[in-house]
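Here's the structure we're looking at; comments come further down.
2 protein chains.
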Amino acid sequence: MEGNKSIGEYPFKVLPFEVDFREKLTLPHLTNYILNSAGYHADSLGFGIENVKVNNQSWVVSRLAIEINEYPKNGEKIKVQTWVENVLRMFSMRNFAFLTQDGKPLGYARSAWALIDKTNRRPTDLSKIISSDIFGNQPCPIAKVGKIPATEADVFETFTVKYSDVDFNQHLNSSKYIEHIIDSFTLYKFSKRDIKRFEIEYISECLFGEKISIHKKEDENGIFILELKNETGATICKSKVIFGEQTLNEEYIIK
Amino acid sequence: MEGNKSIGEYPFKVLPFEVDFREKLTLPHLTNYILNSAGYHADSLGFGIENVKVNNQSWVVSRLAIEINEYPKNGEKIKVQTWVENVLRMFSMRNFAFLTQDGKPLGYARSAWALIDKTNRRPTDLSKIISSDIFGNQPCPIAKVGKIPATEADVFETFTVKYSDVDFNQHLNSSKYIEHIIDSFTLYKFSKRDIKRFEIEYISECLFGEKISIHKKEDENGIFILELKNETGATICKSKVIFGEQTLNEEYIIK
């Protein structure tokens, strides 16, 4: 095994449709960078989506935590580094670093992935698939995804899963969960603060046409806990959103 | 002026989050390719967004027609060619060809762009900005965008313009208009047919928080006419959607 294969590095250029009204990369689009980088790296190591397909298996992301100090801006070229930190039986723990062209860290992410059987949805024991030889040894200085509490909050709003929301498995796309969560905040909120840390725990899949309710609560420390539920009341994901310090910027006066 | 500068050619690779449940590139994502290619080409000719910004101007797409024979699929590398066909006073008429790596045409698009003053929203006379030297001479074998009739239909559904919908001008992003239009069709419809031709006429801008209604009617020839209106009843865009022949595919049985 080549020494540097354990850490994959992929270039991205932030495109105009990927930025918000402040010209900063949005979290759902950063999540697409994360998912693509994970895919490229798994491919290069021989356990990518095409490799596991032959065994009727598929990778699903189970947890994700993203922490950003500085969001990349429209037109900026960044590098995404990714590596498997270790394997905990059913989960591959994959980390990410987001760097400027000069190597300055903009942020980090941690994720947990399961390899499931497409028919019975059961996870595979990953210790047979991923050897510790390929573990990357590099710091990821952000907290792991902790347990996210239930919200007990009323319905904040609802949405129906549409054509553009579903991926090639006919399920709500992983980055679209995040888009719906982020869209429960106003432009006014983003005009004052960035999301400093975002966590999501994917619990179950959603199909086309399902009506999903968003439940949202702010705790005493200004931390938002969100929960998405389907019509049977089952939780489909939980999320924790922590905004950073207020950085009032006159440039973003909301019209 | 170099001979080949009048036709720009840009490579794209279809990424997993850009495809639908059939693993085909979606129209909103193809529109992103169109908008990016137009931007790259205008930059290379000296009248890109950064060039016109110094005069407090911005490019806005006014009309778009896309016709696709074969949608590119997940992982496929395609080339987008773009050129200015001519200038009609207030509009730059820009065409596109979508090609496989081997140069086989997958489809074409036609668009009309205005260069507006950011303060008073008035269009500029483009004959002073774009010289006929740079016109590209290449066939674009699809019909021009015709006049789209009003629908007179009742409200089909509504949506509110959210954080992820707005671009860096705080307006509903051009490809998000298309996403909302396409999302008014079911997976079942797409499991049987592709959109063969799509037309949109952008009429006015939408801001964050606006509630938009979608009006939709199918005519006797199976052509869909859609209209988006804001809360004052003003039309913000009109669209015509023509599906192709039924190509039933057992692979896409909707779960």
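Protein sequence lines correspond, in order, to chains F and A. By the working numbering, the letter at position 95 of the first sequence is numbered 98, and the numbering carries on one by one without gaps. By the working numbering, the letter at position 136 of the second sequence is numbered 139, and the numbering carries on one by one without gaps. Glycine is no exception: its CB is placed at the ideal position from the N, C-alpha and C atoms. As the structure is a prediction and not an experimental result, all values here were calculated from the model.
* Kindly indicate which three-state DSSP category residue 142 of chain A falls into: helix, strand or coil? => The sequence position of residue 142 of chain A within the second sequence is 139, counting from 1. Secondary structure of residue 142 of chain A (DSSP, three-state): coil.
* Take the Cβ of residue 35 of chain F as the centre, count every other Cβ of all protein chains shown within 10 Å, and call the residue buried at 16 or more, exposed below. => Counted from its first residue, the first sequence places residue 35 of chain F at position 32. Residue 35 of chain F should be labelled buried.
* To do: For chain F, find out if any of its Cβ atoms is closer than 8 Å to the Cβ of residue 225 of chain A; answer yes or no.
  => Sequence index remark: in the second sequence, residue 225 of chain A carries index 222 (1-based). Not one beta carbon of chain F lies nearer than 8 Å to the beta carbon of residue 225 of chain A.
* Nearest-angstrom Cα distance between residue 37 of chain F and residue 139 of chain A? -> Numbered from 1 along the first sequence, position 34 holds the residue referred to as residue 37 of chain F. Numbered from 1 along the second sequence, position 136 holds the residue referred to as residue 139 of chain A. The straight-line gap from Cα to Cα measures roughly 38 Å.
* Let me know the secondary structure DSSP gives residue 111 of chain F once reduced to three states. => As a working mapping, residue 111 of chain F is identified with position 108 in the first sequence. Assigned with DSSP and collapsed to three states, residue 111 of chain F falls in strand.
* Selected residue, minimal CA-CA separation from residue 99 of chain F, among F:91, F:111, F:93 -> Here residue 99 of chain F is taken as the residue at index 96 of the first sequence, counted from 1. Nearest C-alpha to residue 99 of chain F: F:111.
* Exposure of residue 80 of chain F, with buried meaning 16 or more beta-carbon neighbours within 10 Å -> The residue you call residue 80 of chain F lines up with position 77 of the first sequence. Around the beta-carbon of residue 80 of chain F, fewer than 16 other beta-carbon atoms lie within 10 Å, marking it exposed.
* Between residue 259 of chain F and chain A, is there a C-beta pair that is closer than 8 Å? -> Chain F is shown only over 4 to 258; residue 259 of chain F falls outside these bounds and no answer can be derived.
* Return no unless some Cβ of chain F is closer than 8 Å to the Cβ of residue 60 of chain A. => For this step, residue 60 of chain A is matched to residue 57 along the second sequence. No, no contact with chain F.
* Test: residue 14 of chain A CB closer than 8 Å to a CB of chain F -> What you label residue 14 of chain A is simply residue 11 of the second sequence in a count that begins at 1. At a cut-off of 8 Å between beta carbons, residue 14 of chain A makes no contact with chain F.
* To do: Would you give the residue range spanned by the alpha helix (DSSP H) that residue 80 of chain A belongs to?
  => Here the question's residue 80 of chain A lines up with position 77 in the second sequence. DSSP places residue 80 of chain A in no alpha helix (DSSP H) but in the uninterrupted beta strand (DSSP E) bounded by 80-91.
* Consider the Cβ of residue 173 of chain A: report whether some Cβ of chain F lies at a distance smaller than 8 Å. => The residue labelled residue 173 of chain A in the question sits at position 170 within the second sequence. Yes, because at least one Cβ of chain F sits closer than 8 Å to the Cβ of residue 173 of chain A.
* To do: Could you round the C-beta distance between residue 119 of chain F and residue 61 of chain F to whole angstroms and report it? I think they count as a contact, below 8 Å.
  => Your numbering for residue 119 of chain F matches position 116 in the first sequence. Your numbering for residue 61 of chain F matches position 58 in the first sequence. The Cβ separation is near 6 Å, so the contact holds.
* Report all residues from its chain with a CB closer than 6 Å to the CB of residue 234 of chain A; omit the five preceding and five following residues, and keep chain order. => Numbered from its first residue, the second sequence carries residue 234 of chain A at position 231. Closer than 6 Å at the Cβ level, and outside the excluded window around residue 234 of chain A, lie 214.
* Look at residue 230 of chain A and residue 154 of chain A and say whether their C-beta atoms are less than 8 Å apart. => Translated into positions along the second sequence, residue 230 of chain A becomes position 227. Translated into positions along the second sequence, residue 154 of chain A becomes position 151. In this structure, the beta-carbon distance from residue 230 of chain A to residue 154 of chain A falls below 8 Å.
* Asked: Below 8 Å, can you find three or more Cβ-Cβ pairs linking the segment 156-167 of chain F to the segment 176-190 of chain A?
  -> Three or more Cβ pairs closer than 8 Å define a contact, and the segment 156-167 of chain F meets that threshold against the segment 176-190 of chain A.
* Asked: If you measure beta-carbon to beta-carbon, which residues of the segment 18-43 of chain F are closer than 8 Å to chain A?
  -> Hits within the stretch, in order: 18, 19, 20, 22, 23, 24, 25, 26, 29, 31, 35, 38, 39, 42.
* Note down, in chain order, every chain F residue with its Cβ under 7 Å from the Cβ of residue 165 of chain A. => Against the second sequence, residue 165 of chain A aligns to sequence position 162. In chain order: 186.
* **Cβ pair count under 8 Å reaching 3, the segment 217-228 of chain F against the segment 8-23 of chain A** => Not touching, per the Cβ criterion.
* Verify the CB distance criterion: does residue 169 of chain F have a CB-CB separation below 8 Å to chain B? => The structure shown contains no chain B; its protein chains are F and A.
* To do: Output yes or no for whether 8 Å exceeds the beta carbon distance between residue 147 of chain F and residue 68 of chain F.
  => Within the first sequence, residue 147 of chain F is the residue found at index 144, counting from 1. Within the first sequence, residue 68 of chain F is the residue found at index 65, counting from 1. Taking a C-beta distance under 8 Å as the contact criterion, residue 147 of chain F and residue 68 of chain F qualify as a contact pair.
* To do: Quick one: give me the first and last residue of the alpha helix (DSSP H) that residue 53 of chain A is part of.
  => Mapped onto the second sequence, residue 53 of chain A falls at position 50. For residue 53 of chain A, the uninterrupted alpha helix (DSSP H) segment begins and ends at 52-56.
* Asked: What residues from the segment 75-98 of chain F come within 8 Å of chain A, judged by C-beta to C-beta, listed N to C?
  -> The segment 75-98 of chain F vs chain A, Cβ under 8 Å: 77.
* Asked: Using a C-beta to C-beta distance shorter than 8 Å, which residues of chain A count as neighbours of residue 176 of chain F?
  -> If you number the first sequence from 1, residue 176 of chain F lands on position 173. For a Cβ distance threshold of 8 Å, residue set 20 of chain A lies close to residue 176 of chain F, ordered along the chain.
* Asked: What are the start and end residues of the alpha helix (DSSP H) that includes residue 39 of chain F?
  -> Residue mapping note: residue 39 of chain F aligns to position 36 of the first sequence, counting from 1. Counting along the chain, residue 39 of chain F sits inside the alpha helix (DSSP H) bounded by residues 30-47.
* Beta-carbon proximity list for residue 151 of chain A, same chain, < 6 Å, skipping 5 on both sides -> Working through the second sequence from its first residue, we reach residue 151 of chain A at position 148. Excluding residues within five positions, the ones whose Cβ falls inside 6 Å are 204, 241, 243.
* Using Cβ-Cβ distances below 7 Å, what residues of the segment 189-203 of chain F are close to chain A? -> Interface annotation for the segment 189-203 of chain F against chain A: 190, 193, criterion Cβ-Cβ distance under 7 Å.
* Asked: Where does residue 181 of chain F fall in DSSP's three states?
  -> Residue numbering aside, residue 181 of chain F sits at position 178 when the first sequence is read from its first letter. It is helical.
* Asked: Which of the three DSSP states, helix, strand or coil, is assigned to residue 75 of chain F?
  -> In the first sequence, residue 75 of chain F corresponds to position 72, counting from 1. Coil.
* Status (buried if at least 16 other CB within 10 Å, exposed otherwise) for residue 91 of chain A -> By 1-based counting over the second sequence, the position of residue 91 of chain A is 88. With fewer than 16 other CB atoms across the displayed protein chains lying within 10 angstroms of its CB, residue 91 of chain A is exposed.
* Asked: If residue 83 of chain A sits next to residue 95 of chain A, beta carbons under 8 Å apart, how far is it from one beta carbon to the other, in whole angstroms?
  -> By 1-based counting over the second sequence, the position of residue 83 of chain A is 80. By 1-based counting over the second sequence, the position of residue 95 of chain A is 92. With 8 Å as the limit, residue 83 of chain A and residue 95 of chain A do not qualify as a contact, their Cβ atoms being about 17 Å apart.
* Asked: What did DSSP end up calling residue 167 of chain F once you bin it into helix, strand or coil?
  -> Locating residue 167 of chain F in the first sequence gives position 164, where the first residue counts as 1. Residue 167 of chain F sits in a helix when the DSSP states are folded into three classes.
* To do: Please name the residue in A:93, A:158, A:105 whose C-alpha comes closest to that of residue 131 of chain A.
  => Taking the first residue of the second sequence as position 1, residue 131 of chain A is located at position 128. Checking every option, the nearest Cα to that of residue 131 of chain A belongs to A:93.
* Between the C-alpha atoms of residue 170 of chain F and residue 24 of chain A, what's the straight-line distance to the nearest angstrom? -> Position 167 of the first sequence, counted from the first residue, corresponds to residue 170 of chain F. Position 21 of the second sequence, counted from the first residue, corresponds to residue 24 of chain A. Between residue 170 of chain F and residue 24 of chain A, the C-alpha separation is close to 5 Å.
* If you draw a straight line from the alpha carbon of residue 52 of chain F to that of residue 76 of chain A, how long is it in whole angstroms? -> Here the question's residue 52 of chain F lines up with position 49 in the first sequence. Here the question's residue 76 of chain A lines up with position 73 in the second sequence. The alpha-carbon atoms of residue 52 of chain F and residue 76 of chain A are separated by roughly 16 Å.
* **residue 125 of chain A, buried or exposed, once every other Cβ within 10 Å from all chains shown has been counted against 16** => Counted from its first residue, the second sequence places residue 125 of chain A at position 122. Per the 10 Å Cβ criterion, exposed.
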